[in-house]
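Protein chains: 2
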Amino acid sequence: MLESLYLNLGQHDALSDAEKALLAGAMTFERSFAVGQDIVASGSRPTYSTLILDGLAARYKVLENGGRQFTSLQVPGDFVDLHAFLLKTMDHGIVALSPCHVIFADHSRLRAITEEAPHLTRLLWLDTLVDGAIHREWIVAMGRRSKTSHLAHLLCELFVRLQVVQRTSDMTFHLPLSQAEMADVLGLSVVHMNRVIGALRRVGVVAWANHTVTILDWHRLQEIAEFDPTYLSMMREPR
Amino acid sequence: MLESLYLNLGQHDALSDAEKALLAGAMTFERSFAVGQDIVASGSRPTYSTLILDGLAARYKVLENGGRQFTSLQVPGDFVDLHAFLLKTMDHGIVALSPCHVIFADHSRLRAITEEAPHLTRLLWLDTLVDGAIHREWIVAMGRRSKTSHLAHLLCELFVRLQVVQRTSDMTFHLPLSQAEMADVLGLSVVHMNRVIGALRRVGVVAWANHTVTILDWHRLQEIAEFDPTYLSMMREPR
DNA sequence: AGTACACTCTAACAAATGTTAATGCCGAAG
DNA sequence: CTTCGGCATTAACATTTGTTAGAGTGTACT
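Have a look at this one:
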């Protein structure tokens, strides 16, 4: 059941059976969330961290004028709020973008892991570091890429991340976001988001309909995005 | 000499003398960097992490078209590349924005800390988590704030962070960046950066000359920025 | 079958932001 | 003292992006 988590953590370094058991032992109960529901509320102080077993979720902040910005997309195998284990207070919310099935890991047991399992601790730490690396890539995309390139980069990133946890088939993956939600990812108006998607479609590198993205020309998409997956740390090496 | 580091880590939770000694024991040699020099090169695989003792530095990425985007600003007491301890390969560069005096912490000794000092490990982990929280705040600023608000937010953040490590005097702090460098922070053209700075000056909330920023109206600046320091985790509590 | 609703897409126009170029200021180097 | 070069500033114009409005489309519900 924790296959996605093992795939996610295991992509960076070998995960022993004992470590898998420790992770499994940290888990408590499961729960499902409907689309649009908050999985974690901004301002809350969770005592457990939430692992996505299935579905797509996002971190977001809302400004006074009502504007919403997603700061990350979370796929199966991601701890959406592992950082709250040490940050304590959520400074943002986490919402389900598709029906989400999750499982909760108790902070007291995570703490026990940090006391007794240094290597596993480093892997969990690493998981949050990759999070940060993704954030940096998003900052670069928002600041200095063309909007088309930004979108292309996002699709490359999602494809690769979903591939790791075996949520792609061929060059296709499911992307349940509406264009309004995509606009909240890229920081655009809905109208302009529509223009940018249209532009990328017109180039012919992706097909995108019914919430399903098909990459028609991976090489060219990667070129448009200047996508270099180094930041995802997918090399398996001692950590 | 590591006062800034102790202030930085110690703002989140109590740091024992034993832990301070462990940190001091991880340090090896010191070095100075001139303005514009790379402190860490993109693509390198450092075997030590760099702590800023004095000066201002920034993480950055460069795109094929020559555009540069800063992804963070680093102040004294910050480990600029603590993440490389586990990420291994630098996917971005780090440059000195003012003359920087730094000290290097050996990865092998950091690893020893993770094996033997769980609480200190959690504090170092936390340090990288705050990094991530700042990244998220930057993403929100780039995506959904007005440029004036973004700039105001950046000044609020810098002021608070510099205050923690005692690099402010009254409502004033040193900001060595040129407007071209500021543009690479906010993701703007130099001309527009100049307009935005002019706008914030005209409002009368900050004075800014000779690389020195004076906050004239903290309350209103915070209002313009919608600045809420929660994300910096400055509450001292058990971690 | 008909209605309501959410979503995509387009058009027309307004506002924000980028580009190019020129001016002035000031400190470093000769 | 003079010259040079980097930086801040402004203007004029081009391009990108936002806003408002509306038309089309498909699906769930009655």
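Just so you know, the protein sequences line up as chains A and B, in that order.
For the first sequence, my numbering assigns the number 1236 to the initial residue and increments by one for each residue that follows.
For the second sequence, my numbering assigns the number 1236 to the initial residue and increments by one for each residue that follows.
Where is the CB? At the ideal position from N, CA and C, for every residue including glycine.
Contacts around residue i, its chain only, beta-carbon distance under 8 Å, and the 5 residues preceding and following it disregarded
i, result
"residue 1295/B", "1303, 1304, 1305, 1306, 1327, 1328, 1329, 1330 and 1419"
"residue 1283/B", "1263, 1339, 1340, 1341 and 1342"
"residue 1358/B", "1244, 1247, 1248, 1250, 1254 and 1474"
"residue 1399/B", "1242, 1243, 1246, 1312 and 1469"
"residue 1276/A", "1325 and 1328"
CB of residue i within 9 Å of CB of residue j, strictly
i, j, result
"residue 1280/B", "residue 1361/B", "no"
"residue 1315/B", "residue 1292/B", "yes"
"residue 1524/B", "residue 1269/B", "An answer regarding residue 1524/B cannot be provided, because it is not within the stretch 1236 to 1474 covered by chain B."
"residue 1263/A", "residue 1341/A", "yes"
"residue 1468/A", "residue 1365/A", "yes"
"residue 1308/B", "residue 1237/B", "no"
"residue 1290/B", "residue 1336/B", "yes"
"residue 1324/A", "residue 1465/B", "yes"
"residue 1367/A", "residue 1301/B", "no"
"residue 1377/B", "residue 1378/A", "yes"
Inter-residue spacing [alpha-carbon to alpha-carbon] between residue i and residue j
i, j, result
"residue 1248/A", "residue 1450/A", "29 Å"
"residue 1253/A", "residue 1421/B", "46 Å"
"residue 1297/A", "residue 1372/B", "11 Å"
"residue 1409/A", "residue 1265/A", "23 Å"
"residue 1382/A", "residue 1390/A", "12 Å"
"residue 1448/B", "residue 1322/B", "35 Å"
"residue 1442/B", "residue 1452/B", "10 Å"
"residue 1429/A", "residue 1394/B", "39 Å"
"residue 1369/A", "residue 1396/A", "11 Å"
"residue 1320/B", "residue 1352/A", "18 Å"
"residue 1380/B", "residue 1462/B", "11 Å"
"residue 1414/A", "residue 1271/A", "15 Å"
"residue 1440/A", "residue 1458/A", "11 Å"
Where residue i falls: helix, strand or coil (DSSP)
i, result
"residue 1409/A", "strand"
"residue 1442/B", "strand"
"residue 1401/B", "coil"
"residue 1304/A", "strand"
"residue 1420/B", "helix"
"residue 1330/B", "strand"
"residue 1415/A", "helix"
"residue 1288/A", "strand"
"residue 1462/A", "coil"
"residue 1246/A", "coil"
"residue 1228/B", "Because chain B spans 1236 through 1474 in this model, residue 1228/B falls outside it and cannot be assessed."
"residue 1252/B", "helix"
"residue 1267/A", "strand"
"residue 1380/A", "coil"
"residue 1452/B", "coil"
"residue 1362/A", "helix"
"residue 1294/B", "strand"
Chain A contact for residue i (CB, 9 Å cutoff)
i, result
"residue 1365/B", "yes"
"residue 1306/B", "yes"
"residue 1455/B", "no"
"residue 1416/B", "no"
"residue 1318/B", "yes"
"residue 1413/B", "no"
"residue 1322/B", "yes"
"residue 1427/B", "no"
Same chain, Cβ closer than 7 Å to residue i, five either side skipped, listed in chain order
i, result
"residue 1260/A", "1344"
"residue 1355/B", "1254, 1257 and 1348"
"residue 1411/B", "1291, 1332, 1333 and 1446"
"residue 1274/B", "1268, 1285, 1292, 1315, 1329, 1330, 1331, 1335 and 1337"
Residue-level contact to chain B via CB, residue i, 9 Å cutoff
i, result
"residue 1272/A", "no"
"residue 1267/A", "no"
"residue 1375/A", "yes"
"residue 1368/A", "yes"
"residue 1378/A", "yes"
"residue 1443/A", "no"
"residue 1472/A", "yes"
"residue 1283/A", "no"
"residue 1383/A", "no"
"residue 1392/A", "no"
"residue 1254/A", "no"
"residue 1313/A", "no"
"residue 1328/A", "no"
"residue 1468/A", "yes"
"residue 1463/A", "yes"
"residue 1396/A", "no"
"residue 1341/A", "no"
"residue 1224/A", "No answer is possible for residue 1224/A: it lies beyond the span of chain A, which begins at 1236 and ends at 1474."
Sequence-distant residues of the same chain with beta carbon closer than 6 Å to residue i, five excluded per side
i, result
"residue 1386/B", "1431 and 1435"
"residue 1460/B", "1384, 1387, 1388 and 1391"
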